[in-house]
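Visitor: The structure under discussion is supplied below as C-alpha coordinates; questions concerning it will follow.
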Amino acid sequence: MSGLELFAAVLGVTAVWLTVKQNPWCWPIGLVMVLLYTWVFFEVKLYSDMLLQVVYAGLQLYGWWQWTRAGEVKQGRKVTRLGVQSILLSLGVGALGSLLLGAAMAHWTDAAQPWLDAALTGFSLVAQMWMAQKRLQCWPLWIVVDVIFVGLFLYKGLYLTAALYALFTVIAVQGWREWRADPALRA
1 MSGLELFAAV LGVTAVWLTV KQNPWCWPIG LVMVLLYTWV FFEVKLYSDM LLQVVYAGLQ
61 LYGWWQWTRA GEVKQGRKVT RLGVQSILLS LGVGALGSLL LGAAMAHWTD AAQPWLDAAL
121 TGFSLVAQMW MAQKRLQCWP LWIVVDVIFV GLFLYKGLYL TAALYALFTV IAVQGWREWR
181 ADPALRA
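Under the UniProt record's numbering, read the sequence shown as residues 1 to 187, first letter to last.
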(Lines of atoms letter the chains of each structure in order from A; the text may use other names.)
(Lines give C-alpha, C1' and ligand atoms only; values in the text may rest on other atoms or scores of the structure.)
Protein backbone atom coordinates (compact mmCIF):
# COMPACT_ATOMS: atom_id res chain seq x y z
CA MET A 1 0.00 0.00 0.00
CA SER A 2 1.29 3.41 -0.92
CA GLY A 3 0.31 6.88 0.16
CA LEU A 4 -0.94 7.44 -3.37
CA GLU A 5 -3.20 4.40 -3.18
CA LEU A 6 -4.51 5.54 0.23
CA PHE A 7 -5.28 9.07 -1.01
CA ALA A 8 -6.97 7.71 -4.16
CA ALA A 9 -9.05 5.33 -2.04
CA VAL A 10 -10.26 8.13 0.24
CA LEU A 11 -11.22 10.18 -2.80
CA GLY A 12 -12.99 7.14 -4.26
CA VAL A 13 -15.16 6.60 -1.19
CA THR A 14 -16.02 10.29 -1.16
CA ALA A 15 -16.89 10.34 -4.87
CA VAL A 16 -19.09 7.24 -4.76
CA TRP A 17 -20.91 8.41 -1.63
CA LEU A 18 -21.61 11.75 -3.28
CA THR A 19 -22.91 9.86 -6.33
CA VAL A 20 -25.41 7.99 -4.17
CA LYS A 21 -26.54 11.35 -2.79
CA GLN A 22 -26.79 12.69 -6.37
CA ASN A 23 -24.33 15.48 -5.56
CA PRO A 24 -22.55 16.67 -8.73
CA TRP A 25 -19.30 17.18 -6.79
CA CYS A 26 -18.87 13.40 -7.14
CA TRP A 27 -17.53 14.04 -10.65
CA PRO A 28 -14.55 16.38 -10.04
CA ILE A 29 -13.52 14.39 -6.96
CA GLY A 30 -13.83 11.21 -9.00
CA LEU A 31 -11.70 12.78 -11.72
CA VAL A 32 -8.79 13.26 -9.33
CA MET A 33 -9.24 9.72 -8.00
CA VAL A 34 -9.13 8.07 -11.44
CA LEU A 35 -6.06 10.03 -12.46
CA LEU A 36 -4.25 8.79 -9.35
CA TYR A 37 -5.38 5.20 -9.91
CA THR A 38 -3.98 5.31 -13.45
CA TRP A 39 -0.52 5.22 -11.91
CA VAL A 40 -1.40 2.67 -9.21
CA PHE A 41 -2.65 0.18 -11.81
CA PHE A 42 0.30 0.79 -14.12
CA GLU A 43 2.66 -0.17 -11.30
CA VAL A 44 0.96 -3.59 -10.82
CA LYS A 45 0.56 -4.32 -14.55
CA LEU A 46 -3.22 -4.10 -14.63
CA TYR A 47 -3.09 -2.29 -17.95
CA SER A 48 -6.77 -2.60 -18.81
CA ASP A 49 -7.59 -1.03 -15.46
CA MET A 50 -5.03 1.67 -16.17
CA LEU A 51 -6.69 2.42 -19.51
CA LEU A 52 -10.07 2.27 -17.81
CA GLN A 53 -9.00 5.07 -15.49
CA VAL A 54 -8.02 7.21 -18.49
CA VAL A 55 -11.43 6.63 -20.07
CA TYR A 56 -13.06 7.27 -16.68
CA ALA A 57 -11.40 10.69 -16.67
CA GLY A 58 -13.34 11.58 -19.80
CA LEU A 59 -16.50 10.01 -18.41
CA GLN A 60 -16.09 12.02 -15.19
CA LEU A 61 -16.27 15.18 -17.28
CA TYR A 62 -19.23 13.78 -19.24
CA GLY A 63 -21.06 12.84 -16.03
CA TRP A 64 -20.42 16.24 -14.52
CA TRP A 65 -21.86 17.88 -17.63
CA GLN A 66 -24.84 15.47 -17.71
CA TRP A 67 -25.72 16.08 -14.10
CA THR A 68 -25.38 19.84 -14.20
CA ARG A 69 -26.44 20.83 -17.73
CA ALA A 70 -28.89 18.23 -19.09
CA GLY A 71 -32.55 19.14 -19.31
CA GLU A 72 -33.47 22.49 -17.90
CA VAL A 73 -30.52 24.70 -17.07
CA LYS A 74 -30.74 24.44 -13.27
CA GLN A 75 -32.61 21.16 -12.90
CA GLY A 76 -30.11 18.57 -14.15
CA ARG A 77 -30.73 14.95 -15.08
CA LYS A 78 -33.27 12.79 -13.26
CA VAL A 79 -33.01 9.10 -12.35
CA THR A 80 -34.55 6.87 -15.04
CA ARG A 81 -34.79 3.18 -15.91
CA LEU A 82 -33.39 1.57 -19.04
CA GLY A 83 -35.56 -0.70 -21.15
CA VAL A 84 -34.64 -4.35 -21.67
CA GLN A 85 -33.44 -3.74 -25.24
CA SER A 86 -31.11 -0.93 -24.11
CA ILE A 87 -29.75 -3.08 -21.29
CA LEU A 88 -29.02 -6.00 -23.63
CA LEU A 89 -27.43 -3.75 -26.24
CA SER A 90 -25.20 -2.06 -23.66
CA LEU A 91 -24.15 -5.37 -22.10
CA GLY A 92 -23.44 -6.75 -25.58
CA VAL A 93 -21.19 -3.79 -26.32
CA GLY A 94 -19.48 -4.34 -22.96
CA ALA A 95 -18.90 -8.02 -23.78
CA LEU A 96 -17.54 -7.26 -27.24
CA GLY A 97 -15.24 -4.57 -25.87
CA SER A 98 -14.07 -7.01 -23.19
CA LEU A 99 -13.17 -9.66 -25.75
CA LEU A 100 -11.32 -7.24 -28.01
CA LEU A 101 -9.40 -5.63 -25.15
CA GLY A 102 -8.64 -9.01 -23.57
CA ALA A 103 -7.24 -10.34 -26.84
CA ALA A 104 -5.09 -7.22 -27.29
CA MET A 105 -3.78 -7.36 -23.73
CA ALA A 106 -3.06 -11.11 -23.92
CA HIS A 107 -1.28 -10.77 -27.26
CA TRP A 108 0.67 -7.50 -26.96
CA THR A 109 1.39 -6.92 -23.26
CA ASP A 110 2.64 -8.65 -20.16
CA ALA A 111 -0.66 -7.90 -18.39
CA ALA A 112 -1.12 -9.82 -15.16
CA GLN A 113 -4.74 -10.89 -15.81
CA PRO A 114 -5.53 -9.83 -19.39
CA TRP A 115 -8.95 -11.45 -19.81
CA LEU A 116 -10.45 -10.79 -16.38
CA ASP A 117 -9.06 -7.27 -16.27
CA ALA A 118 -10.47 -6.57 -19.75
CA ALA A 119 -13.91 -7.95 -18.83
CA LEU A 120 -14.06 -5.82 -15.70
CA THR A 121 -12.98 -2.84 -17.78
CA GLY A 122 -15.64 -3.42 -20.44
CA PHE A 123 -18.50 -3.77 -18.00
CA SER A 124 -17.24 -0.95 -15.78
CA LEU A 125 -17.50 1.36 -18.78
CA VAL A 126 -21.11 0.31 -19.27
CA ALA A 127 -21.88 0.91 -15.58
CA GLN A 128 -20.10 4.27 -15.64
CA MET A 129 -22.04 5.42 -18.71
CA TRP A 130 -25.31 4.36 -17.10
CA MET A 131 -24.33 6.20 -13.92
CA ALA A 132 -23.50 9.38 -15.83
CA GLN A 133 -26.96 9.16 -17.39
CA LYS A 134 -28.54 8.44 -13.97
CA ARG A 135 -29.85 5.04 -15.04
CA LEU A 136 -31.06 2.98 -12.08
CA GLN A 137 -29.49 -0.18 -13.51
CA CYS A 138 -25.97 1.16 -12.98
CA TRP A 139 -26.07 0.04 -9.36
CA PRO A 140 -26.69 -3.73 -9.80
CA LEU A 141 -24.02 -3.81 -12.49
CA TRP A 142 -21.60 -1.97 -10.19
CA ILE A 143 -22.34 -4.47 -7.43
CA VAL A 144 -21.37 -7.44 -9.63
CA VAL A 145 -18.29 -5.73 -11.08
CA ASP A 146 -17.08 -4.46 -7.69
CA VAL A 147 -17.34 -7.91 -6.06
CA ILE A 148 -15.19 -9.40 -8.82
CA PHE A 149 -12.74 -6.49 -8.58
CA VAL A 150 -12.30 -7.27 -4.86
CA GLY A 151 -11.04 -10.74 -5.75
CA LEU A 152 -8.70 -9.42 -8.46
CA PHE A 153 -7.19 -6.79 -6.18
CA LEU A 154 -6.69 -9.30 -3.35
CA TYR A 155 -4.89 -11.56 -5.83
CA LYS A 156 -2.64 -8.65 -6.89
CA GLY A 157 -1.86 -7.65 -3.30
CA LEU A 158 -3.71 -4.33 -3.53
CA TYR A 159 -5.36 -4.86 -0.16
CA LEU A 160 -6.44 -1.27 0.40
CA THR A 161 -7.94 -1.10 -3.09
CA ALA A 162 -9.70 -4.44 -2.46
CA ALA A 163 -11.15 -2.98 0.74
CA LEU A 164 -12.14 0.14 -1.19
CA TYR A 165 -14.02 -1.93 -3.77
CA ALA A 166 -15.69 -3.94 -1.00
CA LEU A 167 -16.85 -0.62 0.41
CA PHE A 168 -17.90 0.44 -3.11
CA THR A 169 -20.08 -2.70 -3.18
CA VAL A 170 -21.80 -1.71 0.05
CA ILE A 171 -22.26 1.86 -1.18
CA ALA A 172 -23.63 0.56 -4.51
CA VAL A 173 -26.26 -1.44 -2.62
CA GLN A 174 -27.22 1.76 -0.80
CA GLY A 175 -27.22 3.68 -4.10
CA TRP A 176 -29.55 1.13 -5.64
CA ARG A 177 -31.91 1.40 -2.66
CA GLU A 178 -31.89 5.20 -2.66
CA TRP A 179 -32.23 5.65 -6.43
CA ARG A 180 -35.09 3.10 -6.57
CA ALA A 181 -36.95 5.31 -4.10
CA ASP A 182 -36.27 8.49 -6.10
CA PRO A 183 -39.49 10.41 -6.79
CA ALA A 184 -38.49 10.84 -10.46
CA LEU A 185 -39.11 7.11 -11.02
CA ARG A 186 -42.71 7.45 -9.85
CA ALA A 187 -43.52 10.36 -12.12
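Don't be surprised by glycine CBs; every beta carbon is placed ideally from N, CA and C.
1. Among all the DSSP beta bridges, which residues are the ones paired with Arg135?
2. Taking all protein chains shown into account, do 16 or more other C-beta atoms lie within 10 angstroms of the C-beta of Pro183, making it buried, or fewer, making it exposed?
3. Does the beta-carbon of Tyr159 have 16 or more other beta-carbons within 10 angstroms, so that it is buried, or is it exposed?
4. Trp179: buried (16+ other C-beta within 10 angstroms of its C-beta) or exposed?
5. Which residues in the same chain as Phe41 place their Cβ atom closer than 7 angstroms to its Cβ, once the five residues preceding and following it in sequence are excluded?
6. To the nearest angstrom, report how far apart Trp176 and Gln128 are at their CA atoms.
7. Return the first residue and the last residue of the alpha helix (DSSP H) that Ser48 is part of.
8. Which residues in the same chain have their Cβ closer than 6 angstroms to the Cβ of Leu141, if we skip the five residues on either side of it in sequence?
9. Measure the Cβ-Cβ separation of Val20 and Ile171 and say whether it is below 8 angstroms.
10. Report buried or exposed for Leu125, applying the criterion of at least 16 other Cβ atoms within 10 angstroms of its Cβ.
11. When the distance is taken between beta carbons, is Gln66 closer than 8 angstroms to Gln113?
12. Starting from Leu6, trace the alpha helix (DSSP H) in both directions and tell me its first and last residue.
13. Using 10 angstroms around the beta-carbon of Ala111, count the other beta-carbons present and answer buried if the total reaches 16, otherwise exposed.
14. Can you have a look at Gln137 and say buried or exposed, based on whether 16 or more other CB atoms are within 10 angstroms of its CB?
15. Which residue comes first and which comes last in the alpha helix (DSSP H) that contains Leu160?
Guide: From the atom records:
1. Here residue 135 refers to the residue found at position 135 when the sequence shown is read from its first residue. According to DSSP, which records beta bridges pairwise, Arg135 is partnered with Thr80.
2. As a working mapping, residue 183 is identified with position 183 in the sequence shown. With fewer than 16 other Cβ atoms within 10 Å, it is exposed.
3. Along the sequence shown, read from residue 1 onward, the residue named residue 159 stands at position 159. Exposed, since its Cβ has fewer than 16 Cβ neighbours within 10 Å.
4. To locate residue 179, count along the sequence shown from 1; it is residue 179. With 16 or more Cβ atoms within 10 Å of its Cβ, Trp179 is classed as buried.
5. The residue given as residue 41 occupies position 41 in the sequence shown. Contacts found: Asp49, Met50 and Gln53.
6. Indexing the sequence shown from 1 puts residue 176 at position 176. Indexing the sequence shown from 1 puts residue 128 at position 128. Going by the C-alpha atoms only, they are around 14 angstroms apart.
7. Numbered from its first residue, the sequence shown carries residue 48 at position 48. Unbroken alpha helix (DSSP H) run through Ser48: Tyr47 to Arg69.
8. Within the sequence shown, residue 141 is the residue found at index 141, counting from 1. The answer, listed in chain order, is Ala127.
9. Counting from one through the sequence shown, the residue named residue 20 turns up at place 20. Counting from one through the sequence shown, the residue named residue 171 turns up at place 171. Against a cut-off of 8 angstroms, the Cβ pair of Ile171 and Val20 comes out as a contact.
10. Stepping through the sequence shown from its first residue, residue 125 is reached at position 125. Classification of Leu125: buried, given that the 10 Å Cβ count is 16 or more.
11. By 1-based counting over the sequence shown, the position of residue 113 is 113. By 1-based counting over the sequence shown, the position of residue 66 is 66. Not in contact: Gln113 and Gln66 (Cβ atoms no closer than 8 angstroms).
12. Taking the first residue of the sequence shown as position 1, residue 6 is located at position 6. Gly3 to Val20 is the extent of the alpha helix (DSSP H) around Leu6.
13. Your numbering for residue 111 matches position 111 in the sequence shown. Answer is buried; the Cβ neighbour count reaches 16.
14. Here residue 137 corresponds to residue number 137 of the sequence shown, with the count starting at 1. With 16 or more other Cβ atoms within 10 Å, it is buried.
15. Here residue 160 corresponds to residue number 160 of the sequence shown, with the count starting at 1. Note, Leu160: alpha helix (DSSP H), Tyr159 to Arg180.
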